[in-house]
Amino acid sequence: MPELPEVERYRTVAESALGRVIAEVRAFDAWYLKRGASQRELAGVLEGARFWRARRTGKLLLLDVDTGKGARPPSDGPVLGLHFGMSGTLLVDAGSATERATEDQLAYSSHKVLPGWDRFALRFEDGGEMRVNDARRLGGVELDPDPRRLGPDALGLSLSGLRAQLGSSSTPLKARLMDQSRLAGVGNLIADEALWRAGLDPRRSANSLDLAQMRKLQRHLRKTIDDLILRGGSHHGDLMPARHLDGRCPKDGARLTRGKVGGRTTYWCSIHQI
DNA sequence: CCGGATGTTCACCT
DNA sequence: GAGGTGAACATCCG
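Right, dumping it as structure tokens:
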């Protein structure tokens with residue numbers, strides 16, 4: 272599921288966990304703990320502590336920890352990083368009214384949640400819990416993720432910011448947009464949608480845009496992400512219904528082209544995306 | 001049965 | 001170093 276819009280939703284879900292004392296770390300799946308994090312280490316940091324802020328950079332959810340010792344928020348406390356891969360979901364307070372409401376909002380989700388797919392959970396002293404459920408195990412949990420790994424968040428990126436991140440590379444434009452170290456949060460669906468809206472061929476060089484095209488891309492990228500957050504997910508784009516063989520461009524009715532760009536299946540309109 | 005799927009990382013090429 | 005490819009992860013869907 273997760274591209275930026277989904278993780279932004281998970282961020283709001285995580286806000287319902289703020290301020291609650293963590294009683295127990297449950298790492299069901301050691302493989303899910305990344306970058307050397309261990310159950311023991313996580314328990315040492317988190318048990319007895321609480322989250323005081325939920326942030327997001329790109330597709331990475333960041334939970335700032337208040338250990339109650341020394342370091343007052345904001346700043347210099349530990350940070351729990353959650354990433355969700357393609358099939359991860361964040362749930363808070365399973366079975367409660369809160370979660371039922373959340374799951375209603377998540378009705379678009381085609382992903383099932385099965386108990387056997389719980390990879391990581393925190394139990395709170397109040398009896399509630401937060402858990403990451405992930406069928407394919409492509410997500411993960413880490414402590415103090417390195418912020419330099421990700422470029423600036425795609426949401427709200429300025430024109431000059433976009434130009435800087437596209438740089439002088441001759442890499443295909445779409446591949447550059449999806450490079451998380453350059454621009455954080457754009458995945459396969461958002462990239463196709465934004466390029467389709469902006470009328471740009473995903474294969475053209477990232478460095479080949481003139482100022483007008485750059486401006487157009489920046490505007491459409493921002494609007495696309497805004498729209499998809501409002502519509503409830505990255506697969507609610509206007510291009511989405513046409514993403515199949517024999518699909519037709521919703522703008523001009525032309526047959527869409529399907530190919531691989533940046534290693535991912537890509538759909539584009541050969542008429543108006545130039 | 002086979003291929004592909006919203007993501008990331010890594011080994012291995014060119 | 002820059003890019004590209006394919007594999008791996010585990011499950012569902014057409």
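For the first sequence, the numbering used here gives the first residue as 272, with consecutive numbering after it.
Beta carbons are placed, not taken as given, at the ideal position from N, Cα and C, and that holds for glycine.
Because the structure is a prediction, the values reported are computed rather than measured.
**OP:** Please report how far the alpha carbon of serine 381 lies from the alpha carbon of leucine 460, in whole angstroms.
**Re:** If you number the first sequence from 1, residue 381 lands on position 110. If you number the first sequence from 1, residue 460 lands on position 189. Unreliable placement is indicated for serine 381, whose pLDDT of 48 sits below 50; no coordinate value is reported for it.
Original post:
Between glycine 348 and the rest of its own chain, which residues show a CB-CB distance below 7 angstroms, the 5 nearest in sequence each way excluded?
Top reply: Against the first sequence, residue 348 aligns to sequence position 77. So the qualifying residues of the chain are Asp335, Val336, Asp337, Thr338, Ala342.
**OP:** Find the nearest neighbour of aspartate 517 within the set Gln544, Arg526, Lys305, judged by alpha-carbon distance.
**Re:** Numbered from 1 along the first sequence, position 246 holds the residue referred to as residue 517. For aspartate 517, the nearest C-alpha among the options comes from Arg526.
Subject >> Paired residues, beta bridge with aspartate 424 - DSSP >> reply: For the purposes of this step, residue 424 is identified with residue 153 of the first sequence, where counting begins at 1. Its beta-bridge partners are Ala455.
Subject >> Three-state class that DSSP yields for serine 431 in the structure shown >> reply: For this step, residue 431 is matched to residue 160 along the first sequence. Of the three classes helix, strand and coil, the one that applies to serine 431 here is helix, per DSSP.
Original post:
Roughly how many angstroms lie between the CA atoms of glycine 422 and glycine 359, to the nearest whole one?
Top reply: As a first step, residue 422 is located in the first sequence; it is residue number 151 there, counting from the start. As a first step, residue 359 is located in the first sequence; it is residue number 88 there, counting from the start. Looking at the two C-alpha atoms, the distance is approximately 22 angstroms.
**OP:** Identify, in the order they occur along the chain, each residue of the same chain with its Cβ nearer than 8 angstroms to the Cβ of aspartate 405, setting aside the five sequence neighbours on each side.
**Re:** Within the first sequence, numbered from 1, the residue matching residue 405 stands at position 134. Correct list, in chain order: Tyr303, Phe355, Gly356, Ser358, Gly359, Thr360, Trp388, Arg390.
Original post:
Assuming valine 316 and proline 416 make a contact with CB atoms under 8 angstroms, what is their CB distance in whole Å?
Top reply: Looking up residue 316 in the first sequence gives position 45. Looking up residue 416 in the first sequence gives position 145. Rounded, the Cβ-Cβ distance is 14 angstroms, inconsistent with contact.
**OP:** For alanine 469, name the three-state secondary structure that DSSP assigns.
**Re:** Position 198 of the first sequence, counted from the start, is the residue given in the question as residue 469. In this structure, alanine 469 counts as helix in the three-state DSSP scheme.
Original post:
Taking Cβ positions, are aspartate 481 and glycine 329 nearer each other than 9 angstroms?
Top reply: Sequence index remark: in the first sequence, residue 481 carries index 210 (1-based). Sequence index remark: in the first sequence, residue 329 carries index 58 (1-based). Contact flag unset, no.
**OP:** State the start and end residues of the unbroken alpha helix (DSSP H) segment that holds isoleucine 496.
**Re:** The sequence position of residue 496 within the first sequence is 225, counting from 1. Here the alpha helix (DSSP H) through isoleucine 496 covers 482-502.
Original post:
From methionine 485 to arginine 420, what does the alpha carbon distance come to, in whole angstroms?
Top reply: As a position in the first sequence, residue 485 is number 214, starting the count at 1. As a position in the first sequence, residue 420 is number 149, starting the count at 1. If I take the Cα positions, the gap works out to 25 angstroms.
Original post:
Does the Cβ of glutamate 274 have 16 or more other Cβ atoms within 10 Å, making it buried, or fewer, making it exposed?
Top reply: To locate residue 274, count along the first sequence from 1; it is residue 3. Buried, by the Cβ-count rule.
Subject >> Nearest-angstrom Cβ-Cβ length linking aspartate 463 and threonine 537, presumed shorter than 8 angstroms >> reply: Taking the first sequence and counting its residues from 1, one reaches residue 463 at position 192. Taking the first sequence and counting its residues from 1, one reaches residue 537 at position 266. Correct: roughly 6 angstroms between the Cβ atoms.
Subject >> Residue nearest to valine 292 in terms of C-alpha spacing, selected from Gly427, Glu396, Asp523, Arg282 >> reply: Position 21 of the first sequence, counted from the first residue, corresponds to residue 292. The shortest C-alpha separation from valine 292 is found at Glu396.
Original post:
Rounded to whole angstroms, how far is the Cβ of glutamate 286 from the Cβ of alanine 325, which I believe are closer than 8 angstroms?
Top reply: Position 15 of the first sequence, counting from 1, holds the residue named residue 286. Position 54 of the first sequence, counting from 1, holds the residue named residue 325. Right, the Cβ-Cβ distance comes to about 5 angstroms (below 8 angstroms), so this counts as a contact.
Original post:
Got a sec, what are the start and stop residues for the beta strand (DSSP E) methionine 401 sits in?
Top reply: Working through the first sequence from its first residue, we reach residue 401 at position 130. Note, methionine 401: beta strand (DSSP E), 400-405.
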